[in-house]
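Worksheet for the structure shown next.
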Amino acid sequence: MTIKEEIQQLKIAKNALILAHNYQPGEIQDAADIVGDSLELAVKAAEATEPVLVVCGVRFMAETAKLLSPEKTVLIPVPDAGCPLSDFLTPDMIHAARKEHPGAAVVVYVNSSAEVKAAADITCTSANAEAVVRSLDQETILFGPDANLASFVQTQVPEKRIIPLPPEGHCYVHTAFTEDQIREARSKGWRIVCHPECPPEIQSDSDLIASTGGMVQHACDCDEWFICTEREMGYRLTKLHPDRHFHVDSDAICKDMKKTTLEDLHRSLRDGIFEVEIPDEIAVPARKAVEAMMAVLEKRA
Ligand code: 13P
Ligand code: SF4
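Numbering (the working numbering), first residue to last: 1335 to 1635.
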């Protein structure tokens, strides 16, 4: 039996659901039951009837699944798959910013630790950041850790004051895109879609700014696209639309997203490792912030 067949057998035997982010290696995406963006993975994890969830992605994704499904066993095949963007923000920074801006709301991107979520009022993903900010009564919003997503939200919600926390928070994969790349793509007649973690000048030169789930939904109305995000998005989109061309930057690699192998997934299912556990004193307030985001989505539905 091949390792892929064994993974499918183990999945059934353990009554597990495999969730993979859009940036996971192609073979992991192929082995998964659900492939999606951060929000889709969180929603599907919460809806799942299986008692075991294997989250192939980075740690904050597995933690978010655990927060929304505390009764389930949530496994991450590679425990040190992190997100350098999430490391920009700490709970202490939030406490200090609250003192400096009394009365401001604190919105944190799900790309953050459970400890940071616990210090926030509400979380958001790149698919719903605008809606989350609009839903709040406060006029001043402390928003972190991604300053480019903060800047995108500011353009969408100009009536509020968005303060990036910290101002230098960024993702090294998305900030590497250059205006030269955009000019070159334009000269070839390609349409351009970028993730809101890209810098403002890339955002303003793009035809579409979207979460990775938004790219799946909208990036299919043209034959040739330049995709300003992690390169595995090209695999995902090409699989969905084999008749179209999705050009990516082959150097746009999230190293942590590439840590998961089929062997890791196999071991995770076989041995029930590595289980995500969040102490109650962090999980309870962090869950409140994630559930507040889910409530905004429910109101919109
Ligand atoms: P999405 O929620 O759009 O999938 O983004 C997650 C992420 O980590 C982007 O770098
Ligand atoms: Fe984090 Fe950037 Fe990797 Fe997304 S692509 S998981 S933001 S480091």
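Cβ atoms here follow ideal geometry from the backbone N, Cα and C, with glycine treated the same way.
So which residues put a beta carbon under 7 Å from any heavy atom of ligand 2, going in chain order?
TYR1357, VAL1392, CYS1417, PRO1418, LEU1419, SER1420, ASN1445, CYS1505, TYR1506, VAL1507, HIS1508, GLU1531, GLU1564, CYS1588, ASP1590 and MET1591
Measuring only from the beta carbon, is GLY1547 closer than 7 Å to any heavy atom that is part of ligand 1?
yes
If we count the other Cβ atoms within 10 Å of its Cβ and call it buried at 16 or more, is ARG1517 buried or exposed?
exposed
What runs of the beta strand (DSSP E), each 3 residues or longer, lie entirely inside the region 1486-1518?
1495-1498
For a test of your reading of the model: does the CB of ALA1461 fall under 7 Å from any non-hydrogen atom of ligand 1? Yes or no.
yes
Count the other CB atoms, across all protein chains shown, that sit within 10 Å of the CB of ASN1349; report buried if there are 16 or more and exposed otherwise.
exposed
Is it a yes or a no for the region 1488-1504 touching the region 1557-1568, going by three-plus beta-carbon pairs under 8 Å?
no
Would you list, in sequence order, the uninterrupted beta strand (DSSP E) runs of no fewer than 3 residues that lie entirely inside the region 1411-1476?
Given a length threshold of 3 residues, each whole run of the beta strand (DSSP E) inside the region 1411-1476 is given here in chain order: 1439-1443 and 1456-1458.
Considering only residues of the same chain and omitting the five flanking positions on each side of LEU1387, which have a CB-CB separation below 6 Å?
LEU1351, ALA1379, ALA1399, LYS1406 and VAL1408
Taking the continuous beta strand (DSSP E) assigned at GLY1370, which residues delimit it?
1368-1370
Let me check you understand the geometry: is the CB of HIS1355 closer than 7 Å to at least one non-hydrogen atom of ligand 1?
yes
Is HIS1552 buried or exposed, if buried means 16 or more other CB atoms sit within 10 Å of its CB?
exposed
Kindly examine ligand 1 and report whether one of its heavy atoms sits closer than 7 Å to the Cβ of ASP1585.
no
The alpha helix (DSSP H) spanning ALA1365 covers which residue range?
1360-1365
Here's a check: name, in chain order, each residue in its chain whose Cβ is nearer than 7 Å to the Cβ of LYS1451, leaving out the five neighbours to either side.
VAL1442, THR1457, ALA1620, ALA1623 and VAL1624
Just curious, the alpha helix (DSSP H) that ILE1337 is in, first and last residue?
1337-1348
Ends of the alpha helix (DSSP H) at PHE1394?
1393-1402
Can you tell me where the beta strand (DSSP E) holding THR1407 begins and where it ends?
1407-1409
Is the closest heavy atom of ligand 1 to the C-beta of HIS1579 under 7 Å?
no
With hydrogens ignored, establish whether the beta-carbon of HIS1435 is closer than 7 Å to any heavy atom of ligand 1.
no
State the CB to CB distance for the pair SER1584 and ARG1565, rounded to an integer number of angstroms; the pair is presumed to be in contact (CB under 8 Å).
6 Å
Among PRO1534, GLU1397 and GLY1606, which has the Cα closest to the Cα of ALA1347?
GLY1606
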